[in-house]
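The structure appears right after this line, and notes come after that.
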Amino acid sequence: MKKSLIYLLSTLAFLVSCQVEPAPPAELFVTQTTESIPYRIPAIAAASNGDLIAVVDYRHSRSDIGMAPNGRIDLHARISRDNGNTWGEIFPIVEGKGAASEDFMHVGFGDPCIVADRESAKVLVVSCGGNVSFPRGTRENHQNIACFYSEDYGKTWSEPVDIAESIYSQFDKSAVGPVRAMFIGSGKIIQSAKVKLGDYYRLYCAALVKDVSGNNINFVFYSDDFGGSWSVLGGVDKTPIPTHGDEPKVEELPDGSIMISSRAWGGRLFNIYTFSDDSMSDGAWAQMAYSAKGNNGTSAVDNACNGEVMLLPVVRKADGRKLHLMLQSVPLGPGRSNVGIYYKEFDFSEPVTPQMVAKDWDGCYQVSTLGSAYSTMCLQKNNTVGFLYEEETHCNTSGGGYTIVYKNYTIEQLTSDKYKYRKW
Numbered sequence: 018m019k020k021s022l023i024y025l026l027s028t029l030a031f032l033v034s035c036q037v038e039p040a041p042p043a044e045l046f047v048t049q050t051t052e053s054i055p056y057r058i059p060a061i062a063a064a065s066n067g068d069l070i071a072v073v074d075y076r077h078s079r080s081d082i083g084m085a086p087n088g089r090i091d092l093h094a095r096i097s098r099d100n101g102n103t104w105g106e107i108f109p110i111v112e113g114k115g116a117a118s119e120d121f122m123h124v125g126f127g128d129p130c131i132v133a134d135r136e137s138a139k140v141l142v143v144s145c146g147g148n149v150s151f152p153r154g155t156r157e158n159h160q161n162i163a164c165f166y167s168e169d170y171g172k173t174w175s176e177p178v179d180i181a182e183s184i185y186s187q188f189d190k191s192a193v194g195p196v197r198a199m200f201i202g203s204g205k206i207i208q209s210a211k212v213k214l215g216d217y218y219r220l221y222c223a224a225l226v227k228d229v230s231g232n233n234i235n236f237v238f239y240s241d242d243f244g245g246s247w248s249v250l251g252g253v254d255k256t257p258i259p260t261h262g263d264e265p266k267v268e269e270l271p272d273g274s275i276m277i278s279s280r281a282w283g284g285r286l287f288n289i290y291t292f293s294d295d296s297m298s299d300g301a302w303a304q305m306a307y308s309a310k311g312n313n314g315t316s317a318v319d320n321a322c323n324g325e326v327m328l329l330p331v332v333r334k335a336d337g338r339k340l341h342l343m344l345q346s347v348p349l350g351p352g353r354s355n356v357g358i359y360y361k362e363f364d365f366s367e368p369v370t371p372q373m374v375a376k377d378w379d380g381c382y383q384v385s386t387l388g389s390a391y392s393t394m395c396l397q398k399n400n401t402v403g404f405l406y407e408e409e410t411h412c413n414t415s416g417g418g419y420t421i422v423y424k425n426y427t428i429e430q431l432t433s434d435k436y437k438y439r440k441w
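Quick note, the working numbering runs 17 ahead of the 1-based positions in the sequence shown.
This is the structure:
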């Protein structure tokens, strides 16, 4: 009787702990009027202590890096220490200097991506920097790739360090090089759960690259020293997205394979890199697949826009089966409006191909009913999904710009109660 009572109490305590109440929606970075300096390009990460760190562009220039001559762009951040229920004040990671800059890089910084180390207080932000746009880049005159480090969960940040030449030079004698321009896709850098060489688990990110002929293609980079140096996954001669490349994201599959998801008109482009050895050093890319309305995929009607991909372990409530759930956010459309999150279940009992990923997604949750565009997400310490996206909350983009909105969801909410989160 005593053991039964103890079991019952422990079960009730477990159930209560699993009933997470999502944080209220929050307008983290507000573009209030047409005269306001607009915000754009969200990035979010959960630090090892549970803090949420949100980073965005603050665009004095009102345009992308290099599109306005000497255009100033800052990187602003906010931190939540209670799973998104409340947020600290806005503060700058770095302030661009525009025309007053004494060097090329400090004119402006934009399109941030972020990762927090799971074992320490270290956080990395990578952004574009400088005074030339991606379309106008050349091998001799291109955007910087700026790295910022925090050693205290995102509270304070280092001065930027440019790592562009160390990456560009790898392509100089490649089949696609010398490349003219590149930038790393904004939003989320992923940290491997499988590969650890030295002090840190491996990092993966993906870049949009303009090759020697002017074609836009994608590559995936990896770092085993938390962003100090980067190598090209699969080598510099083989691109996972050989045509119509655009802003990309990456995710790690349960066996350690790496999946790229690239922005495309009407949906997404997917490919998967499978390792051929246990050291996770050699392998090969599969064949790219297109996901859109025509194959019941991640349809983005009449738009191409940056979104986020994420894979989570779940339990299917109907039969208790342990599966994985893939999430992909895009503006549902028409045009850049109605941002939503598609979902699809996988069991990974057999190898998964890009063609399998691309088709027949199971459902979709609509986040916004307004004009809305770029989005990103992270898994919070309380096992809910933190979602950060651009929305025309107070004024439209032709008149002012986006507000960056944070929302928080359980897996049950995103899937009409079909799945629940389980621990890795």
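Cβ coordinates follow ideal geometry from the N, Cα and C atoms, glycine included. On a predicted model such as this, the values are computed, not experimentally measured, just so you know.
For this session: Express the C-alpha separation of LYS205 and CYS164 in angstroms, rounding to a whole number.
Result: 14 Å
Exercise. What residues are listed by DSSP as bridge partners for LYS205?
Worked result: ILE131
Problem set entry | Cutoff 6 Å; reference SER34; Cβ partners in own chain excluding five residues on either side | Caution is warranted here: a pLDDT of 33 is assigned to SER34, below 50, making its placement in the model unreliable, and the coordinate value is therefore given only provisionally. So the list is empty, once near-sequence residues are dropped.
Exercise. Who are the Cβ neighbours of ILE107 in its own chain at under 6 Å, not counting the five residues just before and after it?
Worked result: HIS93 and ARG95
For this session: Could you please give me the residues that DSSP links to ASP179 through a beta bridge?
Result: Looking at the DSSP output, ASP179 shares a beta bridge with ALA163.
Problem set entry | Nearest-angstrom Cα separation, counted from VAL193 out to GLY311 | 31 Å
Exercise. So what's TYR438 in DSSP terms, helix, strand or just coil?
Worked result: strand
Exercise. Can you tell which of LYS339, THR103 and VAL356 has its C-alpha closest to the C-alpha of ALA321?
Worked result: VAL356
Exercise. Taking just the CA atoms, how far does ASP241 sit from LEU214?
Worked result: 6 Å
Exercise. In this structure, does DSSP put ILE107 in helix, strand or coil?
Worked result: coil
Exercise. Whose CA, out of LEU431, GLU362 and LYS424, lies closest to the CA of THR103?
Worked result: Distance check between THR103 and each of LEU431, GLU362 and LYS424 places LYS424 closest, using alpha-carbon atoms only.
Exercise. So, is LYS266 buried or exposed, given that buried needs 16 or more other C-beta atoms within 10 angstroms?
Worked result: buried
Problem set entry | Neighbour-count burial assignment, ASP263, 16 or more Cβ in a 10 Å radius | Its Cβ being crowded by 16 or more others within 10 Å, ASP263 is buried.
Exercise. Using DSSP with H/G/I as helix, E/B as strand and the rest coil, what is SER308?
Worked result: strand
Exercise. Does DSSP put LEU69 in a helix, a strand or coil?
Worked result: Looking at LEU69 - three-state DSSP - the assignment turns out to be strand.
Exercise. What is the rounded straight-line gap between the Cα of ARG219 and the Cα of SER209?
Worked result: 5 Å
Exercise. Can you tell which of ASP81, GLU136 and SER167 has its C-alpha closest to the C-alpha of PHE126?
Worked result: ASP81
Problem set entry | Distance, GLY300 Cα to PHE292 Cα | 4 Å
For this session: Have a look at THR432 and TYR426 and give me their C-alpha separation to the nearest angstrom.
Result: The alpha-carbon atoms of THR432 and TYR426 are separated by roughly 10 Å.
Exercise. So, using beta-carbon positions, are LEU141 and GLN397 closer together than 8 Å?
Worked result: no
Problem set entry | Backbone secondary structure at SER279 - three-state DSSP | strand
Problem set entry | Three-way DSSP call (helix, strand, coil) for ILE82 in this model | coil
For this session: Could you tell me whether the Cβ atoms of ALA375 and PRO348 are closer together than 8 Å?
Result: no
Exercise. At which residues does the alpha helix (DSSP H) containing GLU429 begin and terminate?
Worked result: From DSSP, the alpha helix (DSSP H) with GLU429 extends over 428–431.
For this session: Would you kindly report the start and end of the unbroken beta strand (DSSP E) that includes ALA223?
Result: Unbroken beta strand (DSSP E) run through ALA223: 217–227.
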